[in-house]
Each structure stands twice: as structure tokens, then as C-alpha cells.
Amino acid sequence: LQPAARRPIRELPDELISQIAAGEVVERPASVVRELVDNALDAGSREITVKLVAGGVRSILIEDDGHGIPSDELPLALRRHATSKIGSLVDLESVATMGFRGEALAAISSVAEVSISSRTEGAPHAQRLDARSGELSPAARGTGTSVEVRELFFNTPARRKFLKTDATELAHCVDAVRRHALTRPDVGFAVWHEGKLVQQWRRADPDQRMKDVIGAEFVEQSRPVDMTLGPMRVTGRAGVPAAARARADQQYVYVNGRYVRDKLIAHGIRSAYEDVLHGGRQPSYALFIEIAPDRVDVNVHPTKIEVRFRDSREVHQAMRRAVEGALAAPQAGGAIAMTP
Ligand code: ADP
Ligand code: MG
């Protein structure tokens with residue numbers, strides 16, 4: 005191959021910049037669902053409904069009852085790097101919302117047909133913004149926001165080819181909602197697919213929500229975790245070794261309310277099971293880490309699924325001790341007696 009001839013340096017057009025960003029944020033319908041549910045939660049919603057067509061590829065509609073977007077700010081919501089959530093570096097270092105990059109809606113609307121209808125408390129009616137045309141029109145809905153995303157990747161066919169069957173994409177979308185549902189029992193979630201209710205989690209207390217999301221069996225065969233170590237508090241439940249599974253499909257970890265997949269945390273937890281779990285069996289757990297925001301950096305990855313800790317050894321140790329402590333504690337209510 006001949007090296008390409010040098011071309012002059014140019015600034016990329018905005019649309020292309022957003023499409024490149026979308027490559028990092030939007031992998032499949034479930035990524036859209038995750039971002040939009042994040043937004044609904046950030047808006048203080050109590051009920052969130054997700055309606056999908058063709059596994060979310062044809063259409064994703066998310067309705068919430070949050071505080072809405074004032075009509076004069078609607079166009080800004082779609083703009084790149086426009087956010088109501090942070091305004092300074094100080095804010096960034098103590099970010100308490102799920103979003104803050106101001107990128108999701110811009111990225112999604114660069115690879116799909118997007119419209120937003122929103123109404124704030126006291127507004128005479130809702131306003132609908134069509135992303136492509138930029139047209140604003142009056143719409144009917146109560147206080148809150150509806151975001152509709154149609155024909156995902158219609159203009160990026162290469163990306164579209166990576167999508168799996170509708171059933172698989174639907175399963176990923178439900179998983180995305182499930183991850184939110186586990187950490188927000190105070191919010192009701194419903195997922196519809198082509199007119200059928202496929203999953204619903206009603207508002208509940210944390211234990212009930214854990215039963216509803218992971219299963220009553222998990223709650224019965226797990227020990228409560230609640231340990232404060234230095235700047236960290238770890239709560240949740242850790243499955244007893246006897247209830248370990250062949251697959252790692254019941255492992256949930258949250259940092260400050262955010263679902264994460266982190267090797268270091270997983271290893272810390274795993275090491276607590278070291279002597280009691282053999283042959284590649286996978287423990288089940290749902291663990292919620294609260295840590296001072298200045299000891300964790302969530303701004304490492306666009307999807308925020310990876311985080312970086314200021315002191316990773318401290319986190320590893322805390323996870324190990326919290327789970328070890330729970331497993332070693334005398335059996336209390338919630339754990340079943342294990343007889344061979
Ligand atoms: P970010 O969440 O990082 O701020 P987004 O692109 O996801 O960026 O959203 C841009 C802005 O649009 C948000 O900061 C928020 O002000 C507004 N917004 C988006 N979705 C909603 C919603 N469901 N309810 C209220 N406001 C919303
Ligand atoms: Mg967002």
C-alpha cells in the first residue's frame with residue numbers, strides 16, 4: 005500500500021464530530037436507552053416508561069415525569085457540549101448527576117431521527133422539537149419529557165450491520181433498564197415492546213426491588229453487606245458460596261449510583277471468595293459503593309462504565325473486607341441455612 009498523500013489540516017464539520025462521538029457513546033439501542041434513562045433520572049423522574057419497536061432499532065420512546073426542559077432551551081439540549089449539569093471544573097470534580105458531558109443527545113441525533121417533547125411545571129403546553137428540521141411545535145403531554153429515537157444508524161450502515169437480532173437487542177435494552185432499576189428502587193420502570201409490557205418494576209423498598217430485579221432466591225441466598233472503611237461505604241448483598249453460578253450473570257456493582265464494570269473491584273470481591281469458591285463458579289452480588297466524589301474520577305470513558313480511583317489499593321481492600329465480613333458473619337435473617 006502506498007502511503008496516502010498528505011492533505012491539508014482542516015476542522016471537521018460539527019455533524020461529523022458528533023458522529024465520531026456517537027461511535028463511542030452509541031453502540032446499540034441499549035446504549036441509547038441507558039443515556040435516556042440517565043437523563044430521565046437526572047430530571048428527578050418518579051416513573052419512567054421505555055417503549056421499543058424491533059428491539060429498539062426502529063424506535064425507542066422514553067417518557068418521564070421529571071422537571072422537563074423549558075421550550076427556549078430545547079434546541080440547546082441537542083447541541084454538543086451543552087449541559088445543565090455542570091458549569092465549572094469544580095462542578096466536574098463533584099458531579100452528582102449521571103450525565104455531565106452534554107454529549108448524549110447530540111451524538112444520538114447524529115445517527116438517528118430524534119424528537120423531544122417536553123413540558124415544565126406551569127407551562128401552558130408541551131413543545132416538540134424535531135432534531136433534523138429544527139422545527140418547534142406545540143405538543144400534548146403532562147410535565148416531563150418524551151424523547152423519541154427512530155431508525156438508529158440509518159445514516160451509518162456499517163454500524164447498523166453490527167446489530168444483532170431484535171430479540172437480542174431487546175434483551176440488552178431490558179438489561180440497561182434493569183441496571184438502573186436495581187439502584188433506584190424509588191423510581192418505577194416499565195419496558196414495552198411492540199405494544200406488550202415486557203418488564204415492570206414498581207416503586208419499592210430496596211430489598212423488594214432487589215427481589216424483583218435479581219430474584220427472591222438471590223436475596224434468600226445472600227448476606228447483607230454494610231461496611232464503612234475510610235472514605236468508602238459498601239452496602240448491598242453478597243451471595244453465599246453455595247449459591248454461586250456457572251455464569252457471571254448476577255454481578256452488579258455501582259459507584260455513587262452509577263453501574264460500573266471494573267476489574268479492580270471485581271478482583272477485590274473475587275478474592276473474598278478465594279477459599280470458598282472453586283472451579284470457576286461465579287458469585288452473585290449487588291454492591292453499592294459510596295465514596296467521596298473527589299476520590300473517584302468518572303470522566304474516564306464516554307459511557308462512564310469505567311471509573312478511576314485515586315487509591316485503587318484502598319478500594320480493592322475495602323471490597324475484599326466488606327464481602328469477607330458479610331460471608332463470615334453469623335447467619336441472620338435473610339440467609340438460609342445450608343445443609344448438604
Ligand atoms: P448531559 O446529560 O450530559 O447533560 P445530554 O445530551 O444527555 O447531556 O442532555 C443535554 C441536556 O438536556 C441535559 O443537561 C438536560 O438539561 C436536558 N435533558 C435531556 N434529557 C432530559 C430529560 N429527560 N428531562 C429533563 N431535561 C433533559
Ligand atoms: Mg445525559
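Going by full-length UniProt numbering, the first residue of the sequence shown is number 5, and it counts up by one from there. All C-beta atoms, glycine included, are put in the ideal place defined by N, C-alpha and C.
Cut-off 8 Å between Cβ atoms - residues of its own chain near Gln-212, not counting five sequence neighbours on either side: Pro-189
Three-state secondary structure (DSSP) of Met-342: For Met-342, the pLDDT reaches just 45, beneath the cut-off of 50, and the residue's location in the model is therefore unreliable, although a value from the coordinates is still provided. Reduced to three states, the DSSP call for Met-342 is coil.
Check: Thr-307 C-beta below 7 Å from any heavy atom of the ligand ADP: no
Glu-198 vs Val-57 beta-carbon contact at 8 Å: yes
Leu-156 versus Gly-234: straight-line alpha-carbon distance, rounded: 45 Å
Alpha-carbon to alpha-carbon, Ile-269 and Gly-338: Low local confidence applies: a pLDDT of 47 at Gly-338 is under 50, so the model's placement there is unreliable, with the coordinate-based value given in what follows. The alpha-carbon atoms of Gly-338 and Ile-269 are separated by roughly 25 Å.
Beta-carbon spacing of Thr-147, Asp-69 below 8 Å: yes
By C-beta, the residues closer than 6 Å to any heavy atom of the ligand MG, given in chain order: Glu-39, Asp-42, Asn-43, Gly-103, Ala-108
Gly-106 to Gly-91 span [Cα, whole Å]: 11 Å
Burial state of Ile-24, where buried means 16 or more other Cβ atoms lie within 10 Å: exposed
Ala-108 beta carbon less than 8 Å from that of residue 345: Summary: the structure shown does not reach residue 345, with the chain confined to residues 5 through 344, and so no result is reported for it.
Own chain partners of Thr-187 with C-beta closer than 6 Å, once the 5 adjacent residues on each side are dropped: Tyr-258, Gly-261
Three-state secondary structure (DSSP) of Gly-329: helix
Closer than 7 Å: Ser-113 CB and nearest the ligand ADP heavy atom: no
Inter-stretch contact at 8 Å, needing at least 3 Cβ pairs: the stretch 309-317 / the stretch 274-291: no
Reference Leu-45; option with closest CA among Ala-9, Met-102, Lys-89, Arg-182: Met-102
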